[in-house]
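Residues in the sequence shown are numbered from 84 upward in steps of one, following the working numbering.
Built from N, CA and C at the ideal position, the CB exists for glycine as well.
Quick notes on the structure that follows.
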Amino acid sequence: MSGTTRGFVGRRRDRGKDLPPGQHLTDGFPVLSTGPTPRVDKKDWELFIRTGPDTSTRWTWQELMALPISAVVADIHCVTSWSKLETRWRGVSLDVLLKDVQTSDQYVMAHSYGGYSTNLALEDLRGDKAWIVFEHDGVELTPEHGGPARLLVPHLYFWKSAKWIHGFVTQERNMPGLWERNGYHLHGDPWREERYSRWS
């Protein structure tokens, strides 16, 4: 099973022309983080989706591994201007995790181990557009790249693909996460160059 997103796989003969505005190619995988790198043992790791004070769904690492696994090929674009093409991941689609989640909220706050947060619209997590990934390029994710598991939302700037993902809390309004409170765009579409808030 493979996941794809708009404009992200199986194209490019002249690869540079397919980059979002202001981006340049890299063959490396730069490590950019805020604060110290959390190191979470898989036996202690869990993922939650909370839709209310008394309503949440949780998965242990073993339970996540028992779900259908997707192979994902996607381009990724960092707000700092680097892009990496045709990256390869394995993980669980958010469609699987959200399948039985009932909420009238249209947004979520993604929370990471270590305190990072970023806001997203639920529609950006559904429709085979987002995954909880645990493997990159055939190797388990290292802590520096968000292991044991990170969010992958490749159609948005990479700060939205929260490292060390811990869970999601639905929200009625699109309240900003960490970088969004500091001037980054609430949505973050690289093709529209939504790097910064118009108020910053």
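Quick check: what's the CA-CA separation for residue i versus residue j?
i	j	result
Q145	K125	9 Å
W214	G174	6 Å
L239	D137	31 Å
D101	G111	18 Å
V179	L150	8 Å
Y279	G271	8 Å
T87	R209	Summary for T87: the model assigns pLDDT 38, below 50, so the residue's position carries little reliability; its value from the coordinates is reported in the next sentence. One C-alpha to the other measures close to 12 Å.
H268	S187	24 Å
E263	T117	14 Å
P119	L224	17 Å
Are the beta-carbon atoms of residue i and residue j separated by less than 7 Å?
i	j	result
G250	F131	yes
T201	A154	no
K243	V252	no
F241	I152	no
G105	E218	no
Y190	Q254	yes
E227	V114	yes
L234	A193	yes
W172	V216	yes
Consult DSSP for residue i and reduce its assignment to one of helix, strand or coil.
i	result
V179	helix
E206	helix
D110	coil
Buried or exposed for residue i, going by 16 or more other Cβ atoms inside 10 Å?
i	result
R133	buried
S166	buried
K212	buried
Relative to the ligand ATP, is the shortest distance from any of its heavy atoms to the C-beta of residue i smaller than 6 Å?
i	result
W242	The ligand ATP is not part of the structure shown, which contains no ligands of any sort.
So that I know if they touch, is there some Cβ in chain D lying closer than 7 Å to that of residue i?
i	result
Q145	Judged by its chain identifiers, the structure shown contains no chain D, having just a single protein chain.
Notebook entry, point to check: Which ranges would you report for the beta strand (DSSP E) in the region 215 to 267 if only whole runs of at least 3 residues count?
Noted result: 233 to 235, 248 to 254
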